[in-house]
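First the structure, in the form of structure tokens, and then the observations on it.
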Amino acid sequence: MSQQKLYLAPENETTSDFAPKPLFFFLGDSITEQGIDPARGGYIPVLQNKVSRSADVVAHGLSGYNTRWLLKYATPVVEDEIKTYTYTPTLVTIWFGTNDAVLLNGSRSEKHVPVESYKENLATIVRKFQALLPSADILLVTPPHVDDENRRKHAEEESGKWKGVVDRSNARSGIYARACVETANDIGIPVLDLYSHFNAMPESTRNPLLWDGLHFTAEGHEIVSELLLTKFQSEFPAVTKALESWKIIGSNVLCETDPWVPGTTNETLTS
């Protein structure tokens, strides 16, 4: 990101006359939940560190959730939070599909959502946010790749009737990734196609970015944060402008414009 600039309102302009600090809202499943965790090098704290002086961040990671459960159980809570001004997002990312795409004959089939229902659910979720936040930008994110060999090893470590039964596949996730892209195009909003991005890499490059064949390593999270930030800046001009500005003056500026000078009134401030 380019060096950030200080934005100062003109003397005749009050702070309420210019745009508020952006708030990024990340909504997703366990990939987002782990993406919140600094100990895992999560993409959200990585991104937050890059924009902390120019944007705020709120995230809800819902491990195991598919789009059906999101609409039924989580969306009403999020709607209440927004309606009561707990937070007011200016940019929303919606990242679901990994659980919708579980294999019907796999060990997690209870989470399955048919692909057409997945598309309908995504569209409904987006329209709910558009109604709640008419001026907010919305970005869909596709499910990423799956490391098939790692998931097979993971299945062998299971016990009981699910031992050796794989839950997901890269090919199946690709079907849902394409459905996510189609939904975004139908609605007319941007989409970050992580599935295509990572599958363009050789397996020997992309698979080590997933620690269990499904969730990202710290290196993978770093890539995701860069892709998200690049997408924000390319698709949402207002976000780009906001990220170039600091609402609170940087200390490097104050060292030049308001340094301590012995014997002057700036030695003590009174209210």
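Everything in the sequence shown is counted per our numbering, starting at 496 for the first residue and increasing by one. Using N, Cα and C, we set each Cβ at its ideal position, and we do this for glycine too.
So what does Phe693 bridge to, in DSSP terms?
Counting from one through the sequence shown, the residue named residue 693 turns up at place 198. The partner list for Phe693 (beta bridge, DSSP) is empty, contrary to what the question assumes.
Whole angstroms is fine: what's the gap from Asn616's alpha carbon to Pro754's?
The residue given as residue 616 occupies position 121 in the sequence shown. The residue given as residue 754 occupies position 259 in the sequence shown. Taking the straight line from one Cα to the other gives about 56 angstroms.
By how many angstroms is the C-alpha of Lys567 removed from the C-alpha of Val661?
Counting from one through the sequence shown, the residue named residue 661 turns up at place 166. Counting from one through the sequence shown, the residue named residue 567 turns up at place 72. Near 27 angstroms, if we compare the C-alpha coordinates of Lys567 and Val661.
Name, in chain order, the residues that DSSP records as bridge partners for Gly523.
Reading the sequence shown from its first residue, position 28 is the one you call residue 523. DSSP lists Gly556 and Trp590 as partners of Gly523.
Put Phe711 into one of helix, strand or coil per three-state DSSP.
The sequence position of residue 711 within the sequence shown is 216, counting from 1. DSSP places Phe711 in strand when its eight states are reduced to three.
If we ignore side chains and look at the alpha-carbon of each, how far apart do Thr570 and Ile577 end up?
Here residue 570 is taken as the residue at index 75 of the sequence shown, counted from 1. Here residue 577 is taken as the residue at index 82 of the sequence shown, counted from 1. One Cα belongs to Thr570, the other to Ile577, and the distance between them is close to 10 angstroms.
Could you give the first and the last residue of the continuous beta strand (DSSP E) run that contains Asp836?
The chain is shown from 496 up to 766; residue 836 falls before or after that span and cannot be answered.
Starting from the C-beta of Val610, find all residues in its chain whose C-beta is less than 7 angstroms away, skip the five residues before and the five after it, and write them out in chain order.
Position 115 of the sequence shown, counted from the start, is the residue given in the question as residue 610. For Val610, where only same-chain residues beyond five positions count, the Cβ hits under 7 angstroms are Ile670, Tyr671 and Ala674.
Could I get the ranges of all uninterrupted beta strand (DSSP E) runs contained in the region 613–667, with 3 residues as the minimum, in chain order?
632–636
Mind checking Val734: buried by the 16 CB within 10 Å criterion, or exposed?
Here residue 734 refers to the residue found at position 239 of the sequence shown. Classification for Val734: buried.
DSSP three-state label for Val597, please.
In the sequence shown, residue 597 corresponds to position 102, counting from 1. Looking at Val597 - three-state DSSP - the assignment turns out to be coil, as it is neither helix nor strand.
On the three-state DSSP scale, how would you describe Asp681?
Position 186 of the sequence shown, counting from 1, holds the residue named residue 681. Helix.
With 16 other CB atoms within 10 Å as the buried threshold, where does Thr562 fall?
Counting from one through the sequence shown, the residue named residue 562 turns up at place 67. With 16 or more Cβ atoms within 10 Å of its Cβ, Thr562 is classed as buried.
Cβ of Tyr580 within 8 angstroms of Cβ of Pro639?
Translated into positions along the sequence shown, residue 580 becomes position 85. Translated into positions along the sequence shown, residue 639 becomes position 144. No.
Which of the three DSSP states is assigned to Val686 in this structure?
Counted from its first residue, the sequence shown places residue 686 at position 191. In the structure shown, Val686 sits in a strand (DSSP, three-state: E or B).
Taking 8 angstroms as the threshold, find out whether the region 711–729 comes into contact with the region 531–543 through three or more Cβ pairs.
yes
By how many angstroms is the C-alpha of Ser746 removed from the C-alpha of Gly758?
Position 263 of the sequence shown, counted from the first residue, corresponds to residue 758. Position 251 of the sequence shown, counted from the first residue, corresponds to residue 746. One C-alpha to the other measures close to 22 angstroms.
So which of Asn600, His710, Phe519 and Ile531 has the shortest CA-CA distance to Ile633?
The residue you call residue 633 lines up with position 138 of the sequence shown. The option with the nearest alpha carbon to Ile633 is Phe519.
So, are the CB atoms of Pro533 and Val553 less than 8 angstroms apart?
Taking the first residue of the sequence shown as position 1, residue 533 is located at position 38. Taking the first residue of the sequence shown as position 1, residue 553 is located at position 58. Going by C-beta atoms, Pro533 is not nearer than 8 angstroms to Val553.
Beta-carbon within less than 8 angstroms of Ile743's beta-carbon, same chain only, minus the 5 sequence neighbours each way: which residues are those?
For the purposes of this step, residue 743 is taken as the residue at position 248 of the sequence shown. Take Ile743, set aside five residues on each side of it, and the residues of its chain with a beta-carbon closer than 8 angstroms to its own are Arg548, in chain order.
What is the DSSP secondary structure of Ile755, reduced to helix, strand or coil?
Residue mapping note: residue 755 aligns to position 260 of the sequence shown, counting from 1. Correcting the residue type first, residue 755 is Trp in the shown sequence and not Ile. Looking at Trp755 - three-state DSSP - the assignment turns out to be coil, as it is neither helix nor strand.
In or out: Val636 buried (at least 16 other Cβ within 10 Å) or exposed?
As a working mapping, residue 636 is identified with position 141 in the sequence shown. By the C-beta density criterion, Val636 is buried, having at least 16 other C-beta atoms within 10 angstroms.
I'd like to know if the region 691–710 and the region 639–649 are in contact, where contact means that at least 3 CB-CB pairs between them fall below 8 angstroms.
Segments in contact, yes.
Evaluate Glu779 with the Cβ neighbour count: other Cβ atoms within 10 Å of its Cβ, from every protein chain shown; 16 or more gives buried, anything less gives exposed.
With the chain covering only 496 through 766, there is no way to say anything about residue 779.
With H, G and I counted as helix, E and B as strand and the rest as coil, what does DSSP make of Ser699?
Working through the sequence shown from its first residue, we reach residue 699 at position 204. Residue state, collapsed to three classes: helix.
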